[in-house]
Each structure stands twice: as structure tokens, then as C-alpha cells.
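In terms of my numbering, the sequence shown opens at residue 43 and continues consecutively. In this text, a Cβ means the ideal position worked out from N, Cα and C, and glycines have one as well.
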Amino acid sequence: MKENRLLAKWLNNDLSEDELAAFEASPDFEKYQKIKNYTDHLEVDDLDENSMLANILKQKKTTPKVVPLYKKWMFRVAAIFVLALGITFAVKNFVPQTQTADFGEKTTFLLPDNSEVVLNSDSEINYKKWNWNSNRRLELKGEAYFRVSKGRRFEVQTSLGKVSVLGTQFNVKARKNRFDVVCYEGRVKVNYANTQILLTHGQSVTFENGKQVNMRVNSLKPEWMDNQICFYKENIKSLLDEVQRQYNVTIELNAKDTISLFTGKLPAKDLDVALQIISTTYHLEAKKVSKNKIIFDEK
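Right, here's the structure in full:
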């Protein structure tokens with residue numbers, strides 16, 4: 043350590059006479075002297091601090107940004123949330139929409155143009171929401187009442203026929219081989235097989251097994267919306283089918299007379315009265331064998 047301190051002072055010419063004499067007498071002095079003589083002839087350029095700093099910054103590598111684990115988790119949750127929103131939007135807008143009314147129920151809903159639809163029991167409607175303005179068309183299975191907003195053509199497609207309207211109120215029923223259309227306001231165009239007919243306010247048409255029946259109606263809306271089941275020249279099997287829909291029951295018929303036609307009304311909220319009317323009309327006896335099953339036998 044002492045020798046190093048003396049070497050430093052010797053290089054800076056800070057040794058005293060005694061220290062210099064002692065240093066020159068050391069065994070390594072000759073080596074130190076040769077090194078000093080060589081370095082005295084070297085020329086070193088002036089230090090450019092600004093250039094050196096610029097080079098250091100240029101060569102400096104960017105430190106990777108470390109994202110905390112909890113932030114990564116939040117990013118994933120946000121991505122899943124956005125994906126879920128996208129799927130929900132697609133389902134609501136691009137996937138065909140379906141509205142149903144189960145046995146013993148009625149369903150009311152609005153179409154994209156605010157047209158109102160009321161589905162009767164055991165009925166279904168399918169439509170596309172995303173292009174409704176350019177394709178105002180839906181498919182109906184069963185029976186429904188429509189209160190259509192004014193606008194472009196509106197079409198109801200069933201397995202038995204098609205109804206085209208322009209701002210009106212009407213009822214469509216398509217069950218088995220029977221197709222009924224009633225116009226309560228405005229006009230509707232009905233297409234059935236090769237037949238096309240125009241109905242106006244208070245007119246109705248029925249197609250069944252190739253036969254057409256035209257009638258006048260005085261009501262302002264379908265009777266079933268007031269909890270009454272209305273029939274016009276329908277056989278007992280069709281009558282009992284409708285009772286099963288409205289009351290969500292199972293009915294078994296043990297009778298020979300299934301041809302006689304029924305015209306009239308049955309209540310949709312009083313099963314006992316409905317069964318009594320059917321029994322009296324067809325000379326049958328109704329038995330409730332369980333809460334949801336009824337058997338009609340001949341008297």
C-alpha cells in the first residue's frame with residue numbers, strides 16, 4: 043500500500059527529497075521509470091463528453107416493460123367481456139329471433155318497427171332482426187294477431203299460405219289443414235295455393251282442404267284476446283285441440299260422431315263451463331281422471 047502511494051506521488055512529482063531517494067532505491071524503480079518514459083510520448087485527443095454521451099444513449103438497450111400479473115389478468119377479463127358483448131350483439135341482431143307461446147299461455151311482443159304481435163297458445167314466430175327494414179317478413183306457426191305500424195310491405199308466411207299487409211290489424215291462424223285470416227283494419231292480401239284474395243275491414247276468409255269460405259266479422263279484435271275461443275264450422279277434433287292448447291290439458295275422445303261441425307264460443311278461462319258446453323252439444327260425458335287429463339265418453 044505504501045509503495046502504491048509513493049508511486050502515485052512520484053507520477054505527480056509530489057515526493058519530498060527523502061521520499062524520492064527512498065523510491066529510487068526500490069527494486070522496481072527501473073521498471074516504473076521505463077513505463078513513465080514511454081507514456082510521456084503518447085498523445086491523447088481531447089475528450090468529447092457530448093459525443094460520448096450520444097454514443098452511450100444510442101447503444102443503450104430499451105429495458106423491457108414489465109406488466110404486473112394482476113394487470114395481465116385484468117386485460118384477459120376485459121377481452122373476454124368484449125368478446126361476450128360481441129356474441130350477445132350478434133345473437134340479438136343477426137341470429138333469427140323466435141317468439142313462442144306455450145300451451146295455456148299468450149305472448150305479446152314488439153317487432154323492430156314497433157308493430158305489435160300477440161301469439162295465441164301453442165304458437166311460434168320466427169323473424170330476422172338485423173335486416174328488418176328491408177325484409178319485413180316473418181314465419182308463423184299457429185295463430186297470432188298483428189297490429190302493424192304504417193310503412194312498407196309486411197308479410198306473414200305460414201305453411202298454408204301468405205298474408206301481405208300495409209299498416210293494418212289482422213289475425214292469422216294456420217293449424218293442420220285450416221288457414222284463417224281476418225282483417226280488422228286496413229287491407230290484407232292473402233295467398234293460398236293458387237288463390238289470391240284481398241280482404242278489407244271486417245272481412246275474413248277460411249281455406250280448408252281446398253275449400254274457401256268468406257265471412258263478415260263485426261268484432262274489433264280476435265275473441266281469443268278476450269279469453270273466448272271462437273269456432274266456425276269446425277269438427278270436434280279441432281275443437282278439442284284448441285281446448286287442449288288453451289287449458290294445457292290432455293283430452294281423450296271415445297265417440298263415434300266426429301264429423302258434426304261446431305259454430306260458437308267457449309270460455310278460455312273456465313274449463314268446467316267449456317267441458318259442459320261440449321258435452322251438451324255432442325251428447326258426451328266428461329270425466330277428469332287427473333288434474334290435466336280429461337276423457338269424453340258417449341252417454
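task = For Lys215, count neighbouring Cβ atoms within 10 angstroms of its own Cβ and tell me buried if that reaches 16, exposed if not.
result = Answer is buried; the Cβ neighbour count reaches 16.
ask   = Taking all protein chains shown into account, do 16 or more other C-beta atoms lie within 10 angstroms of the C-beta of Thr210, making it buried, or fewer, making it exposed?
value = The C-beta of Thr210 has 16 or more other C-beta atoms within 10 Å across all chains shown, which makes the residue buried.
query = Taking Cβ to Cβ, would you say Ile293 is nearer than 9 Å to Lys333?
reply = No, Cβ-Cβ distance for Ile293 and Lys333 is not below 9 Å.
inquiry  = I need the boundaries of the beta strand (DSSP E) containing Thr292, first residue and last residue.
reply    = For Thr292, the uninterrupted beta strand (DSSP E) run begins and ends at 292–296, by DSSP.
query = Ordered along the chain, which non-local residues of its own chain (more than five positions away) have a Cβ less than 7 Å from that of Arg287?
reply = In its chain, beyond the 5 residues on either side, Phe145, Ser163, Asp164 have a beta carbon closer than 7 Å to the beta carbon of Arg287.
inquiry  = Measuring straight from C-alpha to C-alpha, what distance separates Val160 and Trp266?
reply    = Computed Cα separation, rounded: 10 Å.
ask   = What does a CB cutoff of less than 6 Å around Val255 pick up in its chain, not counting 5 residues either side in sequence?
value = So the qualifying residues of the chain are Thr248.
request  = Taking Asp314 as part of the alpha helix (DSSP H), name the residues at either end of that continuous run.
outcome  = Per DSSP, the unbroken alpha helix (DSSP H) holding Asp314 starts and ends at 313–324.
task = Would you kindly work out how many angstroms separate the C-alpha atoms of Phe273 and Gln139, rounded to a whole number?
result = A direct Cα-Cα distance of roughly 31 Å separates Phe273 from Gln139.
query = Among Ile278, Lys148, Gln245, which residue has its Cα nearest to the Cα of Leu326?
reply = It is Ile278.
ask   = Between the Cα of Lys275 and the Cα atoms of Thr150, Arg220, Asp70, which residue gives the shortest distance?
value = Looking at the Cα atoms, Arg220 is the closest of the given residues.
request  = Using a threshold of 9 Å, state whether the C-beta atoms of Ser157 and Arg179 are closer than that.
outcome  = In this structure, Ser157 lies away from Arg179, with their beta-carbon atoms at least 9 Å apart.
ask   = What distance in whole Å lies between the Cβ atoms of Ser206 and Asp155, which are believed to be in contact at a cut-off of 8 Å?
value = The beta-carbon separation of Asp155 and Ser206, rounded to 15 Å, does not stay under the 8 Å limit for a contact.
query = When we look at the beta-carbon of Leu303 and count the other beta-carbons within 10 Å, is it buried (16 or more) or exposed?
reply = Classification for Leu303: exposed.
request  = Taking 9 Å as the cut-off, decide whether the C-beta atoms of Leu208 and Arg229 are in contact.
outcome  = The answer is yes: Cβ separation under 9 Å.
ask   = Would Gln245 pass as a contact of Ala310 if the rule is Cβ separation under 9 Å?
value = In this structure, Gln245 sits away from Ala310, with a CB-CB distance that is not shorter than 9 Å.
key: Glu227 versus Tyr187: straight-line alpha-carbon distance, rounded   = Straight-line spacing of the CA atoms in Glu227 and Tyr187 works out to 12 Å.
query = Going straight from the alpha carbon of Asn296 to that of Ser280, what length do you get?
reply = Per the coordinates, the alpha-carbon of Asn296 lies some 15 Å from the alpha-carbon of Ser280.
task = Put Ile278 into one of helix, strand or coil per three-state DSSP.
result = Ile278 falls in the helix class under three-state DSSP.
query = So, is Asp222 buried or exposed, given that buried needs 16 or more other C-beta atoms within 10 angstroms?
reply = Buried: at least 16 other Cβ atoms inside 10 Å.
query = How long is the line joining the alpha carbons of Asn177 and Glu166, rounded to whole angstroms?
reply = Computed Cα separation, rounded: 19 Å.
ask   = Just curious, the beta strand (DSSP E) that Ile301 is in, first and last residue?
value = Where Ile301 is concerned, there is no enclosing beta strand (DSSP E), given that its DSSP letter is neither H nor E.
message = Using beta carbons (cut-off 9 Å, strictly below), is Lys231 in contact with chain C?
response = Protein chains in the displayed structure number just one, and chain C is not present.
request  = With DSSP collapsed to three states, give me the class of Val160.
outcome  = Val160 falls in the strand class under three-state DSSP.
key: Residues near Glu59 by beta carbon distance below 6 Å, same chain, minus five either side   = Taken in chain order, the list of residues that qualify is empty.
request  = Note down, in chain order, each residue of its chain lying with its Cβ closer than 7 Å to the Cβ of Thr242, except the 5 sequence neighbours on either side.
outcome  = In the same chain as Thr242, and ignoring 5 residues on each side of it, the C-beta atoms closer than 7 Å to its own belong to Cys225, Arg229, in chain order.
message = So, at 7 Å on beta carbons, what are the nonlocal neighbours of Thr323 in its own chain, with the 5 sequence-adjacent residues on each side left out?
response = Here the set comprises Phe304.
message = Taking the straight line between their C-alpha atoms, what separation do you get for Gln141 and Glu181?
response = Here the C-alpha atom of Gln141 lies approximately 11 Å from the C-alpha atom of Glu181.
message = Can you tell me whether Pro69 is buried or exposed? The criterion is at least 16 other CB atoms within 10 Å of its CB, across all chains shown.
response = Under this definition Pro69 is an exposed residue.
Run of the beta strand (DSSP E) containing Arg217, from where it starts to where it stops = Taken as a continuous stretch (DSSP letters only), the beta strand (DSSP E) holding Arg217 covers 211–217.
ask   = Taking just the CA atoms, how far does Gly306 sit from Phe196?
value = Taking the straight line joining both Cα atoms gives about 31 Å.
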